[in-house]
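**Q** Our numbering puts the first residue of the sequence shown at 115, with every later residue one more than the last.
Don't be surprised by glycine CBs; every beta carbon is placed ideally from N, CA and C.
This is the structure I want to talk about, given as structure tokens.
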Amino acid sequence: MSVEPERIRALDGATKQLLWDRMISSKQTVSSYVVMLDGGSLETMELTAAQAEGFECLTCKAQHTADAGAFQPVGRIPSVGSVFQCVACSGGAR
Ligand SMILES: [Zn+2]
């Protein structure tokens, strides 16, 4: 069974980190995805499942943890979800 991010947020710190690490490490399979960027262009990218599902930065793979507020949505993958970049990769506030 997959672990929902919303449920992880409600847990205490140590348990949350454990479940989160397990979820991220289960999503390291790299596949090719067609990403619809916010500018409207389509781009084919080699991404881990964690990146494709918005759990890691699209560029540097920094973890988009339950506590991270600094990630910006940069596009979406149809039928998968939204993709994000950390502030460093997205160039800060736009
Ligand atoms: Zn990044």
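Can you give me the C-alpha to C-alpha distance between Q165 and K175, rounded to a whole angstrom?
**A** Taking the first residue of the sequence shown as 1, we reach residue 165 at position 51. Taking the first residue of the sequence shown as 1, we reach residue 175 at position 61. Going by the C-alpha atoms only, they are around 7 Å apart.
**Q** Between the C-alpha atoms of A184 and A124, what's the straight-line distance to the nearest angstrom?
**A** The residue you call residue 184 lines up with position 70 of the sequence shown. The residue you call residue 124 lines up with position 10 of the sequence shown. Taking the straight line from one Cα to the other gives about 20 Å.
**Q** DSSP three-state call for G127: helix, strand or coil?
**A** Numbered from 1 along the sequence shown, position 13 holds the residue referred to as residue 127. Note: G127 maps to helix in three-state DSSP.
**Q** Got a sec: is the Cβ-Cβ distance from S145 to anything in chain B below 7 Å?
**A** In the structure shown, chain B does not exist; there is a single protein chain.
**Q** Can you confirm whether the stretch 156 to 170 touches the stretch 133 to 148 when touching is taken to mean that 3 or more C-beta pairs between the two stretches lie within less than 8 Å?
**A** Yes, the stretch 133 to 148 is in contact with the stretch 156 to 170.
**Q** In three-state terms, what does DSSP make of S209?
**A** Limits of the chain in this structure are 115 at one end and 208 at the other, which puts residue 209 out of reach.
**Q** Nearest to E118 by CA position, among L133, A128, G127 and D126, is which residue?
**A** In the sequence shown, counting from the first residue as 1, residue 118 sits at position 4. Among L133, A128, G127 and D126, the Cα nearest to that of E118 belongs to L133.
**Q** Comparing the CB of T173 with every heavy atom of ligand 1, is any distance shorter than 6 Å?
**A** One-based indexing of the sequence shown puts residue 173 at position 59. Yes, since a heavy atom of ligand 1 falls inside the 6 Å radius drawn around the Cβ of T173.
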